[in-house]
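A short write-up of the structure that comes next.
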Amino acid sequence: MANKPPGYGSRRPNRDGDPTPLSENNFRYVDQIERWRQEYERYTAVEENLTALSKLSYDPVDYAPLLVQVPWKERQVPDFSFLVEEARVTTESKFFIPIMTKLAGLVLSIIILVLSSNTTFLWVPGAFSVVLMLCLFWEIQQRQNAIESALQDAQKQVEIRTEQERQLIENEKKQHESAETERVALVEKLIAGDIAAVFLRIDNVLSRIGLPFPVDVHIDIFENVPLIQILLPPKTVIPLQTCSLLPSGRVKHTDKETRTVNKQYIELC
1 MANKPPGYGS RRPNRDGDPT PLSENNFRYV DQIERWRQEY ERYTAVEENL TALSKLSYDP
61 VDYAPLLVQV PWKERQVPDF SFLVEEARVT TESKFFIPIM TKLAGLVLSI IILVLSSNTT
121 FLWVPGAFSV VLMLCLFWEI QQRQNAIESA LQDAQKQVEI RTEQERQLIE NEKKQHESAE
181 TERVALVEKL IAGDIAAVFL RIDNVLSRIG LPFPVDVHID IFENVPLIQI LLPPKTVIPL
241 QTCSLLPSGR VKHTDKETRT VNKQYIELC
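For the sequence shown, the residue numbers in full-length UniProt numbering are 1 to 269.
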């Protein structure tokens, strides 16, 4: 009799003979695929950095245009007048339902007063109409006062935020002018051969070069000429294999030719 394959969630014996859930095996397989992907990304990053190093080039820098300060482009102060209209609309909406409710009650009481045939009870809708009229008048007054107060507060907010934006723009302008002054002063020192400026420039340039391994750099000055000594790592930093990712998620390693490894190390040097 043929054995049926176990379904999802069933158990298979592991190496120790104990049953292991298939779901656990699935999790392990997914974790293994993730490790393969990370390994592939590491190999790819190293190869890309080595390729970038082989294409390094130097272009002389013309410092003359850098002596001119970049003019400040001042931005416009935003218009905050919309806050006034928003405050008016918001305040009016708060009184809309109460006023309409009292107005509808007043109209209804007047209709009852006109259509009522019992003169004995006319004073009831009449008194109710008077009370509603007074309440409606008071509600309208409250609405007007609330709108005026909201508009005043909104106008103050407009003035405050406008002044804050002006101060912010002024600070941005000062920071820009200060940064430009420092930049031009540094360029002038570089042109004049200032040692500290030269060291700072070299440090900034070297820090932007991405290397897939640590490199020791020694910089000395001899007769106002910077001498840079780069201590390269051993040849073992060059990967001896290339890595490719298969459609199944596995990684495939291929040995490099000795000529290719030597070529990459020579380009690195």
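Note that CB positions come from ideal geometry on N, CA and C, so glycine has one too.
Nothing here was measured: the structure is a model prediction, and the numbers come from that model.
Whole alpha helix (DSSP H) runs in the segment 65-131 with 4 or more residues, listed along the chain? Runs found: 82-115.
So which of Glu165, Thr260, Ser248 has the shortest CA-CA distance to Glu74? Glu74 has its Cα closest to that of Glu165, out of Glu165, Thr260, Ser248.
Which residue or residues does DSSP assign as beta-bridge partners of Gln241? Gln241 is bridged to Asp255.
Are there 16 or more other CB atoms within 10 angstroms of the CB of Pro21, so buried, or fewer, so exposed? Any reading at Pro21 needs caution, since the residue's pLDDT is 49, under 50, leaving its predicted position unreliable; the model's value is listed next. Exposed: under 16 other Cβ atoms inside 10 Å.
Quick one: is Lys102 buried, meaning 16 or more other Cβ sit within 10 Å of its Cβ, or exposed? It is buried - the Cβ of Lys102 has at least 16 other Cβ atoms within 10 Å.
For Gln229, the residue or residues it bridges with in DSSP: DSSP output for Gln229 lists His218 as bridge partner(s).
Assuming Ile219 contacts Ile228 under a Cβ cut-off of 8 Å, what Cβ separation, rounded to an integer in Å, is found between them? Contact annotation, Ile219 with Ile228: C-beta distance approximately 5 Å; criterion of less than 8 Å satisfied.
So, using beta-carbon positions, are Gln69 and Val184 closer together than 7 Å? In this structure, Val184 lies closer than 7 Å to Gln69 by Cβ.
Going by DSSP in three states, Tyr63 sits in which element: helix, strand or coil? In this structure, Tyr63 counts as coil in the three-state DSSP scheme.
For Ile111, does the count of other Cβ atoms within 10 angstroms reach 16, so buried, or fall short, so exposed? So Ile111 ends up on the exposed side.
On the DSSP letters alone, give me the boundaries of the alpha helix (DSSP H) that Ser207 sits inside. For Ser207, the enclosing alpha helix (DSSP H) starts and ends at 195-207.
Just to confirm, is the Cβ distance from Tyr43 to Ile191 under 7 Å? Between Tyr43 and Ile191, the CB-CB gap reaches or exceeds 7 Å.
Pair within 7 Å by beta-carbon distance, Val251 and Glu39: With respect to the 7 Å criterion, Val251 and Glu39 are classified as neighbours on the basis of their beta carbons.
If you drop the 5 nearest sequence neighbours on each side, which residues of the same chain put their C-beta closer than 7 Å to that of Ser109? Correct list, in chain order: Pro125, Phe128, Ser129, Leu132.
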